[in-house]
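Structure, as structure tokens:
Numbering (my numbering), first residue to last: 3 to 423.
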């Protein structure tokens with residue numbers, strides 16, 4: 003056990019409690035991981051992935067069979083008709099934007115059914131910034147319905163908000179930068195069933211970031227029309243150097259592809275360069291890295307709870323994404339936390355994170371986690387906006403042992419600064 007008799011007793015005791023809690027959760031976590039390993043392996047085998055599929059292309063990328071097979075493998079894993087897996091997506095936000103702009107048209111109305119979405123989507127929608135080409139700039143109207151006090155979707159309010167112009171319901175699976183429950187596959191299925199029964203014409207779009215392979219089913223398995231995510235999160239398995247995906251109904255995925263490239267070109271181009279093998283290999287590793295991340299999140303939740311902090315979700319709670327939130331309560335504690343956690347990184351462990359502005363965020367943000375891939379939350383990182391009540395959000399972890407070490411170093415940094423008692 004990673005411990006030191008010279009550490010304060012409250013930290014050593016918190017480690018012991020967290021280890022015990024994680025041990026109790028391991029059988030259930032391993033069962034989910036085993037099923038997801040089987041699913042990913044079966045997808046590779048069903049699509050007859052061969053060594054020549056691992057070779058990249060240049061230029062236009064025409065006739066790239068490896069790219070086409072990877073699309074089909076990911077579609078199988080996500081329970082979808084089709085997928086668009088591309089290194090040309092620069093982030094999850096980019097993939098989401100391509101899906102929204104590809105499908106929606108001027109005059110359409112969209113509703114976010116899980117409250118205000120992640121900060122970086124504010125300017126995509128048009129909630130912040132003017133004249134940048136947002137959805138609102140193109141005449142697409144928007145409403146948001148908050149979750150209720152129990153973190154559930156509000157169907158009565160949804161029915162009141164739907165109009166004859168409503169085209170799409172947007173649901174964010176992960177909590178993002180919010181102190182709320184992430185939405186489970188079971189909750190998403192309730193939304194799908196409700197919509198199919200009452201409003202079958204509506205498209206259900208899922209922001210699937212941080213959620214892939216955490217449960218044994220995906221949004222496509224329960225009938226969601228479209229989803230998007232990032233390859234430097236779950237499905238990249240810590241190896242994908244960049245990229246994202248859109249998956250869902252074939253007709254909708256094709257529209258997203260036309261937005262990513264150009265009308266008439268769509269999914270038929272896109273050089274894969276040296277990325278191809280890393281995309282395949284990272285995808286193959288992803289059930290393992292996701293399961294390690296979940297183990298790390300359970301340890302983190304139990305550890306910080308034992309130190310007297312509020313955590314969300316609780317360590318015993320079912321998991322549907324990688325995010326673990328810790329409510330620190332002050333700017334000083336949040337900065338100390340991130341600076342301590344940075345000391346547990348393999349890259350830039352000597353660097354001191356400080357709050358700063360970032361494109362797409364209204365508040366100052368502090369980010370920690372020296373990763374091999376810049377910004378990769380499939381590795382281990384923690385971040386959050388510097389605003390009340392000063393919550394830090396952890397995600398990822400190639401190994402839960404690295405997550406454990408990082409959290410202990412964060413706690414020690416708080417203790418050394420007199421912020422932990």
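Positions of the beta carbon are idealized from the N, C-alpha and C atoms, including for glycine.
The C-beta distance from residue 227 to residue 251 rounds to 5 Å, short enough to fall under 8 Å. Under the 10 Å beta carbon count, residue 173 is surrounded by 16 or more other beta carbons and is classified as buried.
Beyond the five residues adjoining it in sequence on each side, residue 409 comes within less than 6 Å, by CB distance, of 302, 305 in the same chain, given in chain order. Residue pairing by DSSP places residue 395 opposite 327, 385 in a beta bridge. The region 154-217 contains, as complete alpha helix (DSSP H) runs of 4+ residues, the segments 157-163, 187-200 (chain order). In this structure the region 274-294 does not touch the region 151-158; the number of beta carbon pairs closer than 8 Å is below three. Look at residue 96 here: in three-state DSSP terms it is helix. Under the three-state reduction of DSSP, residue 143 is assigned to strand. Per the Cβ contact rule, the region 320-337 is in contact with the region 385-393 (3 or more Cβ pairs under 8 Å). Around the CB of residue 418, fewer than 16 other CB atoms lie within 10 Å, so the residue is classed as exposed.
Nearest C-alpha to residue 175 among 354, 324, 50, 361: 324. A distance below 6 Å between beta-carbons, with the five flanking residues on each side excluded, links residue 105 to the following residues of its chain, in chain order: 254, 257.
Under the 10 Å beta carbon count, residue 165 is surrounded by fewer than 16 other beta carbons and is classified as exposed. Excluding sequence positions up to five before and after residue 215, its CB lies within less than 7 Å of the CB of 38, 236, 288, 289, 292, all in the same chain and listed in chain order. Assignment of residue 246 by DSSP, reduced to helix, strand and coil, places it in the strand class. A residue is called buried once 16 or more other Cβ atoms fall within 10 Å of its Cβ, and residue 231 is buried on that count.
Shortest Cα-Cα distance from residue 314 to any of 184, 115, 400, 87 involves 184.
The secondary-structure analysis by DSSP pairs residue 112 across a beta bridge with 144, 170. The DSSP assignment places complete alpha helix (DSSP H) segments of no fewer than 4 residues inside the region 320-384 at 333-344, in order along the chain. Within a 10 Å sphere around the beta-carbon of residue 209 sit 16 or more other beta-carbons, which makes this residue buried. In the DSSP assignment, residue 37 falls within the alpha helix (DSSP H) that extends over 11-48. Closest in C-alpha terms to residue 157, from the list 181, 167, 116, 128, comes 116.
Taking the C-beta atoms as reference points, residue 384 is found no nearer than 8 Å to residue 401. According to the DSSP assignment, residue 86 belongs to the beta strand (DSSP E) that extends over 84-88.
Rounded to whole angstroms, the gap between the alpha carbons of residue 46 and residue 75 is 6 Å. Assignment of residue 271 by DSSP, reduced to helix, strand and coil, places it in the coil class. Between the region 119-129 and the region 92-102, the count of Cβ pairs shorter than 8 Å is three or higher; the stretches touch. In the displayed model, residue 408 falls within a helix according to three-state DSSP. Exclusion of the five residues before and after residue 268 leaves 256, 259, 260 as the residues of its chain whose Cβ lies within less than 7 Å of its Cβ. Shown here for residue 338: same chain residues with a beta carbon closer than 6 Å to its own, the five before and five after excluded, namely 415, 416, 419, 421 in chain order. Contact annotation: the region 262-276 does not touch the region 352-370, with fewer than three C-beta pairs closer than 8 Å. The beta-carbon distance between residue 222 and residue 284, rounded to whole angstroms, is 20 Å. This is too long to meet the 8 Å contact definition. Here residue 311 has 328, 329, 330 as same chain residues with Cβ atoms under 7 Å from its own Cβ, once five neighbours each way along the sequence are excluded. Bridge pairing for residue 126: absent [DSSP].
Residue environment: residue 62 is assigned as exposed (fewer than 16 neighbouring CB atoms within 10 Å of its CB, all protein chains considered).
Under the three-state reduction of DSSP, residue 230 is assigned to strand.
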